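Please read the structure below before turning to the comments.
Residue numbers (the working numbering), protein chains in the order written: chain A, 3 to 117; chain B, 297 to 460.
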């Protein structure tokens, strides 16, 4: 057992910490950190605020696109459009037939020269 | 272009295509189906909600009227040809042309009176309310167009027929 062989564990830990601190200082000196760009802190805070702010102009398009791409919404919209198209088409078709039938009757009983 | 905008425009185009497709298909299907079973009197049955018995009576009246109508139409057509011939021969409205025009007018009036009498008879074969509606509709269609023409002419020329 190595630890048992060490006569003073406290002094060993202290020297290791001192060695770590020295090592960090050497490392820091070897790799100097670049100077921060101007108004760095202000820009960081601005970006944080923008990220936390609720969605504003421009993003409503994204929200709408996301809604459109939802399968449930897409299926419901297609079903509603088909239903509306069929109802309107049937109504218009019936009106067309009615007008055609009326014209047909009138052509038989009331020639154009008398109208 | 913005991706969301492309998605929305695509969705809009697709929606328009779906709506237009279902509209045109159902309209065509409706017209084809309903026209297949139609005859000359279908409008009367559908518009005035006639029963089979009423429809049979109206059909009988209609078939009785058709030969008279055809005879009058032939007479009018012959008279129109005479008028065209007389008018084509000269540059003025001669006494003969005047006479032919008067005869044509009389024939038309006679045919119109016969037609309106037929409408009255048919209206009497319908339930009272439907009969009144039918007669009003037929008068509006057959006489209303003349009134509209006369009205438009008096509006344009600044005078009115029949008012002294």
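We treat Cβ as the ideally placed atom computed from N, Cα and C, and that holds for glycine.
Treat the numbers as computed from the prediction; the structure is a model and nothing was measured.
What separation, rounded to the nearest whole angstrom, lies between the Cα atoms of residue 85 of chain A and residue 95 of chain A?
15 Å
Run through chain D and tell me which residues come within less than 9 Å of residue 357 of chain B, C-beta to C-beta.
The structure shown contains no chain D; the protein chains it does contain are A and B.
Spatial distance of residue 386 of chain B from residue 431 of chain B (CA atoms):
43 Å
For residue 322 of chain B, is the classification buried or exposed, using 16 other Cβ atoms within 10 angstroms of its Cβ as the cut-off for buried?
buried
Can the beta-carbon of residue 97 of chain A be found less than 8 Å from the beta-carbon of residue 339 of chain B?
no
Between B:320, B:413, B:337, B:414, which lies nearest to residue 352 of chain B when the distance is taken from Cα to Cα?
B:337
Alpha-carbon to alpha-carbon, residue 63 of chain A and residue 52 of chain A:
18 Å
For a contact meaning CB atoms closer than 7 Å, what does residue 298 of chain B contact in chain A?
Within chain A, the residues near residue 298 of chain B are 63.
In angstroms with no decimal places, state the Cα-to-Cα distance between residue 32 of chain A and residue 55 of chain A.
About 41 Å.
Determine whether the Cβ of residue 77 of chain A lies closer than 8 Å to any Cβ atom of chain B.
no
Nearest-angstrom Cα distance between residue 379 of chain B and residue 365 of chain B?
21 Å
Does the Cβ-Cβ distance between residue 343 of chain B and residue 421 of chain B come in under 8 Å?
no
Secondary structure of residue 422 of chain B, DSSP reduced to three states
Assignment of residue 422 of chain B by DSSP, reduced to helix, strand and coil, places it in the coil class.
If the criterion is Cβ atoms closer than 8 Å, does the pair residue 83 of chain A and residue 311 of chain B meet it?
yes
Looking at residue 414 of chain B: is its Cβ nearer than 8 Å to the Cβ of residue 111 of chain A?
yes
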